[in-house]
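Chains as they are written, first to last, in the numbering used here: chain A, 7 to 232; chain B, 6 to 233; chain C, 1330 to 1577; chain D, 27 to 623.
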């Protein structure tokens, strides 16, 4: 980011200043004055553009690729904590697997916001669903890698936390995932960045980053509220 | 708009005001070469535009069908709900009809160019006959496609029944629309021919379009037939 | 000339009055009718009502700190009285009584990011006044079923907006209403023909203005569905009909 | 093909008779060009008013807008803009501006008027298609306007109309019923119109050039329109079937874009197995080239005008043409950069990132040639050249932000924020509009036979130029602070401190918009009261300046010109003035003055 910032800033300022200077300089030329060429002519400029921008492109491409690869080509570690997130008009809901570490299956036909069966769980039949903890906020222990399993219930949404520099769309019909580690305790906002309807502006949830002990307490509280 | 027939514009051949004499540049037109007959009529003769126009239009049509193809490939590959439609038998017959129509159109074109070469104005009957045959084969093809839809309908396969049937209806319907457009073109061409006002470029343009529809159908047929 | 105006005016008033009397006939008649009372009860354990986490919109959460609202699919009062049951006459009403429309609007209020009341019942064509008292924008999204003859809509109500009025064209028990911005907000609008009532927090209800006759009475509850029973109403008398739904 | 003989008739029989043939269903490319211009003007004014409403709502969310009560009775009760109406305004603003302004004004309007004249043709190759293409565009505009006033509200899914939001129907939100269907229909009609238009542009350029007008002798503006037509032909050919499939998903219950098991408002949807990403691919395959459909004509126009103002040809005619071509070509390989966070295979993100970065090379070459050509020229400052220079400045400003967005790792932070909004408004919106302004000031004398007021033009330039920067530069700051776009209100805690910036932007937008009244006044006043324009007021060299202002109905009064020179013979020693017209048989000294090739 910083290198891009510098490069963009320099080329921006240089271009604007030279443009302004040239306009000022040559708009006041006298009638008898001869027309001159820019030293080096078109060939020089094209060469400069290709070499300079080419190098820049290569550099940005390589750096950018590294940064990208770090996030997207590395699978989550074996100790990553799985959390499921479901986006719907216009709220995020989260699911923790509970003590058994397993998520029960989702039955879309059972989804009912009136009974707060957000994920469409069948508590009567699915053993794995019984201890699942469904929450409206997302708490994570600090410095623990989180493996986020994402799906959308209705239309496209997106998961964006400014402070974590992460953004990933929810694409209906696709199960996507994301992994990240939060390193600073605090309360952050998860917001939706993909236009999803009239309540788009108010589609958000809080991300609570806390110590492991606090997190366990929080999870117990939430389990009691199921 | 005007119903009277007008002669194509004649630009009297003039000496080329070219600075680089001998290299043949400066002639204008997209073929910047001196035409073989030495005149510069090619420039500004609008009838070449009809050919160019058809080719440009075909490029756009190709692109549209490429988009639909990619949609089909993605759709077929991405979901588990793909049930392949067995193509109705009548399609094989339709394919034959359309291929035959390309040949009959080519016959008409041959006859016409021989006619133009001989310069006889009254013997338009032979190319016209072949044009009519092409027209009826084209109509038969569209009718056959309709029969194929009826056949699918009788099997309970509607537009929205399965993704495969959706694509079948969309692709065949869009193609049939284009064929109908081609039929309109052929009707125009034959009416021109009847009045002995047909230019070769117009007929060429129409036949290029028609052959393209033929090839496009063979491609679509294959696409709908194969399970990727 | 002036006299002529006076005459015409008086005549018009008289004709209007006569017409009014003629048309108000059935409802005046119903006023002398009887009523149906009773209670709706739940036997067994009510379905679990989850507490709602409103943290998504702090404006809502602030109004319920320490005392979270629960879902309202089954609300049981003392002695197993079932709140928010809709009782209405499903068969046997004369056309006049069935088509009478109350001129009194029913208020459907949004307060603390919850619908008040959770269930309303209205006549076909009766005005519903949708009001908001929340400092946040709600959207009101009724979802009538496809073949009912009612057309769904979806409309936002920014904070501070005056109430707006709406009506339904066809009977339907009951149209779910939800707010998508606050997905936990859920309520029902029952649209019926003829006299009806919604049970209170003790489960009891009273249907007034029932003309004498034999009727089929239906009670509807959002989780447990419908129950019917026959009831006979005599002129000026009160008939009783109790319903009992079975929980799991 | 049935156009052939009609085309020749159109250009060769007597001039059209009657008001309707002359001005409404005219076959004359000049009238059609003016019609496109008028439609674009109508669309841009509407779009601008919509953007004002949005800006007002963002900073004064609960205050009623006077008059809106009557305009949008259901969507904005009592004149207070609801969240859904904000999104409708946004959708309409985007659609109007992208399709009916940025595609129509620089490409269809000026291209129609000047491409045939600049290549020495009497009309377009297929005048009848040309007329159809305008009237279909007009129909598309009417259908879109109908969507704005339709019963259940205008569509709310943005100009990108991502399914399933745009495909599942009214249950997904207000305006997603009839309004969204009308939107799809409007765009489909627009696609057909644009295809016909592009077909005409390409055939005309290839086949109807005057004698001596080789491809390399075509002015840069003509080149730009030609390249744009090639881009548009392929781009709209993809959007058209995509729109068709979307409409089928909406009306016929097919499942091209809607996956199975969607639960919208607790109602499970009866679709199966479609792919929302498929729409995104098809849409952006069109959508990215569309950016170049807007900007490439502006580049050509600006080059054409700058050369005239600089009194010298560009450092290299060919390099500009090749750069424009490579922009057009590359624009087809980068669509995926709109989908970095869409859950595409991360590898494809990299595949799309690289050509996106490579696109900066032709862009930089163009910029350097423009700036480099300024060196040692004799610049004439006019309203037209000011706007052309302003274009270069805005193009640079909007371009450098592309560096950030081209890299997926940075885009993850900036995607769908105001940074993106600032980026594309500067580089595509305002820059292209500056091209249109420049073209208007430059060609108005030719189109209407009267001069525009230069003083008003310059005031208009400075207000608009400063205003554009004041509006859109803060957008970048907002984006970096994580301000998400397409929000109708800012309820998030971290967005509260940014509200003053929004207030500033709104005031700047209202003021800049108001400054456009000067332009409108200038346009209308000059049309009727302006000084009569001479044939060649700017001492320019290309063919449009060899004919009277305004040109006769067949452009060259039956005398098709013969072209002897490259288009930009400026700074010629020994010429009367300092230039030689393209159709002048005058010899040009073989030893060029320094500064000429």
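Virtual Cβ for every residue (Gly too), placed ideally from N, Cα, C. Only a predicted model underlies this, so the values are computations on that prediction, with no experimental measurement involved.
Test: residue i CB closer than 8 Å to a CB of chain A
| i | result |
| --- | --- |
| residue 1353 of chain C | Model confidence at residue 1353 of chain C stands at a pLDDT of 49, short of 50, so the residue's coordinates are unreliable and nothing is read from them. |
| residue 1380 of chain C | yes |
| residue 426 of chain D | yes |
Under 7 Å by beta carbon: chain D residues contacting residue i
| i | result |
| --- | --- |
| residue 1402 of chain C | What residue 1402 of chain C touches in chain D: nothing, since even the nearest Cβ is about 13 Å away. |
| residue 1509 of chain C | 291 |
Alpha carbon of residue i to alpha carbon of residue j, nearest angstrom
| i | j | result |
| --- | --- | --- |
| residue 251 of chain D | residue 347 of chain D | 11 Å |
| residue 1568 of chain C | residue 1536 of chain C | 10 Å |
| residue 132 of chain D | residue 94 of chain A | 41 Å |
| residue 57 of chain A | residue 63 of chain A | 10 Å |
| residue 1360 of chain C | residue 1500 of chain C | Unreliable positioning characterises residue 1360 of chain C in this predicted model, as indicated by a pLDDT of 48, which lies under 50. The coordinate reading is nonetheless provided below. In a straight line, the C-alpha of residue 1360 of chain C is about 23 Å away from that of residue 1500 of chain C. |
| residue 88 of chain A | residue 50 of chain A | 56 Å |
| residue 243 of chain D | residue 61 of chain B | 23 Å |
| residue 20 of chain D | residue 594 of chain D | Residue 20 of chain D falls outside the range modelled here, since chain D spans only 27 to 623, and no answer is possible. |
| residue 123 of chain A | residue 1504 of chain C | 20 Å |
| residue 588 of chain D | residue 238 of chain D | 6 Å |
| residue 34 of chain B | residue 140 of chain D | Caution is warranted here: a pLDDT of 37 is assigned to residue 34 of chain B, below 50, making its placement in the model unreliable, and the coordinate value is therefore given only provisionally. Their backbone Cα atoms lie some 18 Å apart in a straight line. |
| residue 223 of chain B | residue 168 of chain A | 53 Å |
| residue 499 of chain D | residue 448 of chain D | 7 Å |
is_contact[residue i, chain D] using C-beta, thresh 8 Å
| i | result |
| --- | --- |
| residue 1573 of chain C | no |
| residue 107 of chain A | no |
| residue 1470 of chain C | yes |
| residue 39 of chain A | yes |
| residue 1531 of chain C | no |
| residue 231 of chain B | no |
| residue 236 of chain B | In this structure chain B extends from 6 to 233, so residue 236 of chain B is not present and cannot be described. |
| residue 68 of chain B | yes |
| residue 123 of chain A | no |
Closest Cα partner of residue i within the set the options
| i | options | result |
| --- | --- | --- |
| residue 288 of chain D | A:57, A:12, A:45 and A:114 | A:114 |
| residue 1464 of chain C | D:309, D:88, D:161 and D:339 | D:88 |
| residue 119 of chain A | C:1367, C:1446, C:1422 and C:1380 | C:1380 |
| residue 169 of chain D | D:296, D:210, D:150 and D:182 | D:210 |
| residue 397 of chain D | A:10, A:30, A:199 and A:92 | A:30 |
| residue 515 of chain D | D:74, D:68, D:61 and D:113 | D:113 |
| residue 216 of chain A | A:194, A:203 and A:204 | A:194 |
| residue 1579 of chain C | C:1495, C:1509, C:1479 and C:1459 | Not covered by the structure: residue 1579 of chain C. The range shown for chain C is 1330 to 1577. |
| residue 417 of chain D | D:52, D:137 and D:330 | D:330 |
| residue 72 of chain B | D:545, D:264 and D:77 | D:264 |
| residue 185 of chain B | B:172, B:150 and B:154 | B:150 |
Partner residues on chain A for residue i, Cβ-Cβ distance less than 8 Å
| i | result |
| --- | --- |
| residue 441 of chain D | 173 and 199 |
| residue 1515 of chain C | 119 and 120 |
Below-8 Å beta-carbon distance, residue i vs any chain E residue
| i | result |
| --- | --- |
| residue 195 of chain B | Checking the listed chains, one finds no chain E in this structure; the protein chains it contains are A, B, C and D. |
Within-8 Å CB hit, residue i to chain C
| i | result |
| --- | --- |
| residue 106 of chain D | yes |
| residue 54 of chain A | no |
Heavy atom of the ligand HEM within 7 Å of residue i beta-carbon
| i | result |
| --- | --- |
| residue 466 of chain D | This structure lacks the ligand HEM; in fact it carries no ligand of any kind. |
CB contact below 8 Å: residue i versus chain B
| i | result |
| --- | --- |
| residue 268 of chain D | yes |
Contact set between residue i and chain A, taken where Cβ atoms lie within less than 7 Å
| i | result |
| --- | --- |
| residue 110 of chain D | 204 |
Contacts that residue i makes with chain A (C-beta to C-beta distance below 9 Å)
| i | result |
| --- | --- |
| residue 383 of chain D | 59, 62, 63, 64, 66, 67 and 70 |
Problem set entry | Under 8 Å (Cβ pairs) to chain C, residues found in the stretch 175–206 of chain D | 178, 196, 197, 199 and 200
Exercise. Which residues, taken in chain order from the stretch 57–78 of chain A, show a beta carbon closer than 9 Å to some beta carbon of chain D?
Worked result: 58, 59, 60, 62, 63, 64, 66, 67, 69, 70, 71, 72, 73, 74, 75, 76, 77 and 78
For this session: Below 7 Å between beta carbons is the criterion; list the residues of the stretch 404–421 of chain D that meet it against any residue of chain A, in chain order.
Result: 404, 405, 407, 415, 418 and 419
Exercise. Just by C-beta distance, which residues in the stretch 1487–1511 of chain C are closer than 9 Å to chain A?
Worked result: 1505, 1507, 1508, 1509, 1510 and 1511
Problem set entry | Residues in the stretch 80–104 of chain A having any Cβ partner in chain D nearer than 8 Å | 94 and 95
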